[in-house]
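Student: Just so you know, the protein sequences line up as chains A and F, in that order. Numbering-wise, the numbering used here puts 294 at position 294 of the first sequence, and it's gapless, one number per residue. Every position in the second sequence, counted from 1, becomes a number in the numbering used here once 383 is added. This is the structure I have questions about; it appears just below.
There are 2 protein chains.
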Amino acid sequence: MREISVIGIGQTKVDEHWDKAIKDLAFEAVTAALQDAGRETAEALFVGNMLSPMVSGQNHLATLVADWLGIRGAEAVKIEAACGSGAAAFRAGLMAVASGEVDSALVVGLEKMTDKAGHDVTAALATAADADYEVEQGVSFVGLNALVMRRYMYEYGWKHADFAPFSINAHANAVHNPFARLREPITLEQFEKSSMIATPVNLLDASPIGDGAAAALIVPAGRARTDGKSVRVAGSGAATDSIAIHDRREPLFLSAAYQSARQAYAQAGVSVADIDVFELHDAFSIMSALSLEACGFAERGQGPRLGLDNEIQVTGRVPICTRGGLKARGHPVGATGMYQIVEVVQQLRGECGPTQVDGAKIGMAQNIGGSGATIITHILKRE
Amino acid sequence: MREISVIGIGQTKVDEHWDKAIKDLAFEAVTAALQDAGRETAEALFVGNMLSPMVSGQNHLATLVADWLGIRGAEAVKIEAACGSGAAAFRAGLMAVASGEVDSALVVGLEKMTDKAGHDVTAALATAADADYEVEQGVSFVGLNALVMRRYMYEYGWKHADFAPFSINAHANAVHNPFARLREPITLEQFEKSSMIATPVNLLDASPIGDGAAAALIVPAGRARTDGKSVRVAGSGAATDSIAIHDRREPLFLSAAYQSARQAYAQAGVSVADIDVFELHDAFSIMSALSLEACGFAERGQGPRLGLDNEIQVTGRVPICTRGGLKARGHPVGATGMYQIVEVVQQLRGECGPTQVDGAKIGMAQNIGGSGATIITHILKRE
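As structure tokens, then:
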């Protein structure tokens, strides 16, 4: 397999972009990535997106975006794996370049959610769950995560406030990210007093949706930039689990995270101790704990300990959500996986200012579709 | 790039499968493909599908299908390129195996359309067009094809009956395909008298929708079967054009078909004269003419001549739609591209009975998303 480098990155602010169509968001992020790389075009376009058919009445999105970008003629395809669509598109792009079929690929994670009112989006998000076995029972996506969190607290004896550090850390970091949606710090008191959504998940356990696009330009490593801004893709892994949580052997263990991280570690030739920064999928605070455990950063049931011990901060042992994470940068679902890739590249380039992880050389991004059903893990290295 | 072989194929009948969920259709086709190959599983699953979010309320389809198939844990991802989703998934699978990331992949084209009433499906299909520039004007997908056909007839002086051979040939061939939806022959008189849908497109110019799934198992060529049933993937090409037809330089020329066919010919080291059988995307009779022209089988504006001269029949120079094509096998949109691949494999294996193309060694499949906006062409060779 050919080695691949990321040579350009771009992103829009995660926000309610009422004045922009979905293709405008793509244009902004992709143009920024091309400018960053000093290139004008690419041979192929891979779009990660979940909700465009339901929210924007638009299928065939990748070809539409290629047209709008002015790279007419280029191969273009959309990849969908629920909230894991962004990383799935990145992996599809990697495989296209690695196979030799194309020599450059643009990957953009892209989501426009605010064109529909709240209830519609909640229903649309529930299409990531099993329509027959979960959604038909009336359970929303938040509801599913609440069931997992409640069980986790019961099994391992944590109280709700023990999850606060995950959200507090994410908000503290987002203050310094101009592309983040929620750029204000929060306190433990605010965390504990925020509105309940689905017990025990309250508003500050949950990530906000939003509109956004994040893009990267990838090429074979041999054709990368020589100015120190190229970042190597060292490892990539993808795995799945049953969509319905009740159908899993261990509902509190993300087996697909374990499996995909293991693949990525092996491919990159690194171990968990080598990871300098980890952009994980904190759609809900419980998911931070489960992800840290499945990837080997904490023992089972002990994820919250890392937060309580200040290990997840930028200066800690396992810095996570250094640009705000899903919780505060925002979670434009199909775009999120590409925001994570872009943010890891920023860390490895040393471009993160006050939230820069000192001397970061190896970064990991993990994107989740559904409540742990599709998990894709990438490891990037400074070149 | 590693050479790839198709070692197993499977399909369901295209029909109104009221008694089956979308995952049941996938199960039937994939199980048949695995049985055909004498294998039990694969490392990855690529699902081509367009309408599942809108018709079945189900995103995250690939992971759901992997779960239902019992290949839990395997990488799974959905690919969407409107009606070109099937071939797009096949190409994604090819690149995954070619890159070395996986050593076996199942690809399934999958669509369930009859769960919604007719009007809803027409609206859902229109999401393949440009929501801002085409659909907002009230034009349906049939309407767009009617505008193209009308212009073509005007420019090149053909009358409606000149397109009849495309539909008559497709129906005649479908009689012998147990998986086809419309297994009855039609006459020129029936063709001319059938109900008008959108002038000049009448019912027998148009392909019927349906539910269906078609699957293939692919592996590196070195690991293929040795019983003569493996088929080599010799060429693969993908290209796009503007989604909105009015925005194209030449609305009557499928530039993405030209471009993707040229890529596939070059990769396979063949020319148009070497193609023994061609499964093209006859969603409407006009598309048969345009596809034949863009791929080099006919001069511009002369596609219908091939039909009138009996060149498109199984015994002709360019046999097309040998298993019924979209017109009579049926067009379960996101599945169609994989039906074409399966049918070309059947031809190259010599399994087509009365519609077998004598001595077929090289076959081509071309799948189209939108009105020519995404076109993916594959060339397969007998091993």
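Each residue gets a CB set at the ideal place from its N, CA and C atoms; glycine is no exception.
Cα-Cα, which of F/I392, F/W451, F/A617, F/A529 is closest to F/A481?
Tutor: Indexing the second sequence from 1 puts residue 481 of chain F at position 98. The residue with the shortest Cα to Cα distance from F/A481 is F/A617.
Student: For the stretch 744–757 of chain F, list every residue whose C-beta sits within 8 Å of some C-beta in chain A, in sequence order.
Tutor: The stretch 744–757 of chain F vs chain A, Cβ under 8 Å: G752, G753, A756, T757.
Student: Does DSSP put A/Q356 in a helix, in a strand, or in coil?
Tutor: Position 356 of the first sequence holds residue 356 of chain A. Three-state DSSP puts A/Q356 in coil, outside helix and strand.
Student: In angstroms, rounded to a whole number, what distance separates the CA positions of F/I745 and A/K381?
Tutor: Numbered from 1 along the second sequence, position 362 holds the residue referred to as residue 745 of chain F. Numbered from 1 along the first sequence, position 381 holds the residue referred to as residue 381 of chain A. Taking the straight line joining both Cα atoms gives about 44 Å.
Student: Could you give the first and the last residue of the continuous beta strand (DSSP E) run that contains F/L615?
Tutor: In the second sequence, counting from the first residue as 1, residue 615 of chain F sits at position 232. The sequence shown places Arg at residue 615 of chain F, not Leu. Looking at the DSSP string, the run of the beta strand (DSSP E) that includes F/R615 is 614–623.
Student: For A/P385, which residues from the same chain have a beta carbon less than 6 Å from its beta carbon, with the 5 sequence-adjacent residues on both sides left out?
Tutor: Residue 385 of chain A cannot be examined here, being either before or after the span of chain A that is shown, 1 to 383.
Student: Where are the beta strand (DSSP E) runs, 3 residues long or more, that stay fully inside the stretch 673–755 of chain F, in chain order?
Tutor: Here the runs fully enclosed are 745–752.
Student: Could you check what DSSP says for A/L110 in three-state terms: helix, strand or coil?
Tutor: Within the first sequence, the letter at position 110 stands for residue 110 of chain A. In the structure shown, A/L110 sits in a strand (DSSP, three-state: E or B).
Student: May I ask you to list the residues that DSSP assigns as paired with A/G212?
Tutor: What you label residue 212 of chain A is simply residue 212 of the first sequence in a count that begins at 1. A/E111, per the DSSP bridge assignment.
Student: Just to confirm the assignment: which complete beta strand (DSSP E) runs, minimum length 3, are found wholly within the stretch 81–156 of chain A?
Tutor: Runs of the beta strand (DSSP E) inside the stretch 81–156 of chain A: 105–111.
Student: If you measure from the beta carbon of A/E101 to each beta carbon in chain F, is any gap under 8 Å?
Tutor: As a working mapping, residue 101 of chain A is identified with position 101 in the first sequence. A/E101 counts as touching chain F.
Student: Going along chain A, which residues have a C-beta under 7 Å from F/L447?
Tutor: Here the question's residue 447 of chain F lines up with position 64 in the second sequence. Near F/L447 (Cβ distances below 7 Å), the residues of chain A are D130, I243.
Student: Quick one: which chain F residues come within Cβ less than 7 Å of A/M95?
Tutor: Locating residue 95 of chain A in the first sequence gives position 95, counting from the first residue. Within chain F, the residues near A/M95 are M478, A479, S482, E484.
Student: Roughly how many whole angstroms lie between the Cα atoms of A/G73 and F/L731?
Tutor: Here the question's residue 73 of chain A lines up with position 73 in the first sequence. Here the question's residue 731 of chain F lines up with position 348 in the second sequence. Taking the straight line joining both Cα atoms gives about 31 Å.
Student: Excluding five sequence neighbours on each side, which residues of the same chain lie with their C-beta closer than 7 Å to the C-beta of A/V342?
Tutor: By one-based count along the first sequence, residue 342 of chain A stands at place 342. Taken in chain order, the residues that qualify are I9, Q11, A214, A216.
Student: So, with DSSP's three-state summary, where would you put F/R606?
Tutor: The residue given as residue 606 of chain F occupies position 223 in the second sequence. The answer is helix: DSSP assigns F/R606 an H, G or I state.
Student: For F/L571, does the count of other Cβ atoms within 10 angstroms reach 16, so buried, or fall short, so exposed?
Tutor: Numbered from its first residue, the second sequence carries residue 571 of chain F at position 188. Per the 10 Å Cβ criterion, exposed.
Student: Might you give, ordered along the chain, the residues of its own chain that have their beta carbon closer than 6 Å to the beta carbon of A/S194, omitting 5 neighbours on each side?
Tutor: Here residue 194 of chain A corresponds to residue number 194 of the first sequence, with the count starting at 1. Closer than 6 Å at Cβ, skipping near neighbours: N202, L203, L204.
Student: Quick one: does F/E463 have its CB under 8 Å from some CB of chain A?
Tutor: Locating residue 463 of chain F in the second sequence gives position 80, counting from the first residue. Closer than 8 Å: yes.
Student: For F/G753, count the other beta carbons within 10 Å of its own beta carbon; 16 or more makes it buried, fewer makes it exposed. Which is it?
Tutor: Counted from its first residue, the second sequence places residue 753 of chain F at position 370. It is buried - the Cβ of F/G753 has at least 16 other Cβ atoms within 10 Å.
Student: Quick one, which of F/D398, F/A449, F/A512, F/G733 has its alpha-carbon nearest F/D659's?
Tutor: Numbered from 1 along the second sequence, position 276 holds the residue referred to as residue 659 of chain F. Considering only alpha carbons, the answer is F/G733.
Student: Roughly how far, in whole angstroms, is the beta-carbon of A/A373 from the beta-carbon of A/S242, given that I think they are within contact range, below 8 Å?
Tutor: Position 373 of the first sequence holds residue 373 of chain A. Position 242 of the first sequence holds residue 242 of chain A. Yes, they are in contact, since the Cβ atoms of A/A373 and A/S242 sit about 7 Å apart, within 8 Å.
Student: What does A/S56 touch in chain F if you count any residue whose Cβ is under 8 Å from its own?
Tutor: What you label residue 56 of chain A is simply residue 56 of the first sequence in a count that begins at 1. Neighbours of A/S56 on chain F, chain order: A514.
Student: Chain A beta carbons: is any one of them nearer than 8 Å to that of F/V460?
Tutor: Residue 460 of chain F sits at position 77 when you count from the first residue of the second sequence. Interface residue, yes.
Student: When the Cα atoms are used, what is the spatial distance from A/K23 to F/P561?
Tutor: Counting from 1 along the first sequence, the entry for residue 23 of chain A is found at position 23. Counting from 1 along the second sequence, the entry for residue 561 of chain F is found at position 178. Each residue's alpha carbon lies about 43 Å from the other.
Student: What's the gap between the Cα of F/G595 and the Cα of F/V728?
Tutor: For this step, residue 595 of chain F is matched to residue 212 along the second sequence. For this step, residue 728 of chain F is matched to residue 345 along the second sequence. Each residue's alpha carbon lies about 18 Å from the other.
Student: Applying a beta-carbon distance threshold of less than 8 Å, which residues of chain A neighbour F/T609?
Tutor: Position 226 of the second sequence holds residue 609 of chain F. Here the premise fails: no neighbours, minimum Cβ distance about 25 Å.
Student: Can F/L489 and F/A404 be called in contact, C-beta distance under 8 Å?
Tutor: Stepping through the second sequence from its first residue, residue 489 of chain F is reached at position 106. Stepping through the second sequence from its first residue, residue 404 of chain F is reached at position 21. It is not a contact, given that the beta carbons lie outside the stated cut-off.
Student: Along the beta strand (DSSP E) that carries F/E662, what are the first and last residues, could you check?
Tutor: By 1-based counting over the second sequence, the position of residue 662 of chain F is 279. 660–662 is the span of the beta strand (DSSP E), which, as asked, contains F/E662.
Student: Which of helix, strand or coil does DSSP assign to A/S5?
Tutor: Along the first sequence, one-based indexing puts residue 5 of chain A at 5. A/S5 falls in the strand class under three-state DSSP.
Student: Verify whether the separation of the beta carbon atoms of F/E458 and F/A427 is less than 8 Å.
Tutor: For the purposes of this step, residue 458 of chain F is taken as residue 75 along the second sequence, with counting starting at 1. For the purposes of this step, residue 427 of chain F is taken as residue 44 along the second sequence, with counting starting at 1. Result yes, Cβ atoms of F/E458 and F/A427 sit closer than 8 Å.
Student: What is the DSSP secondary structure of A/K78, reduced to helix, strand or coil?
Tutor: Within the first sequence, residue 78 of chain A is the residue found at index 78, counting from 1. Note: A/K78 maps to strand in three-state DSSP.
Student: Using a Cβ-Cβ cut-off of 8 Å, state whether A/H331 counts as contacting chain F.
Tutor: In the first sequence, the residue the question calls residue 331 of chain A occupies position 331. Answer no: the Cβ-Cβ gap between A/H331 and chain F never drops below 8 Å.
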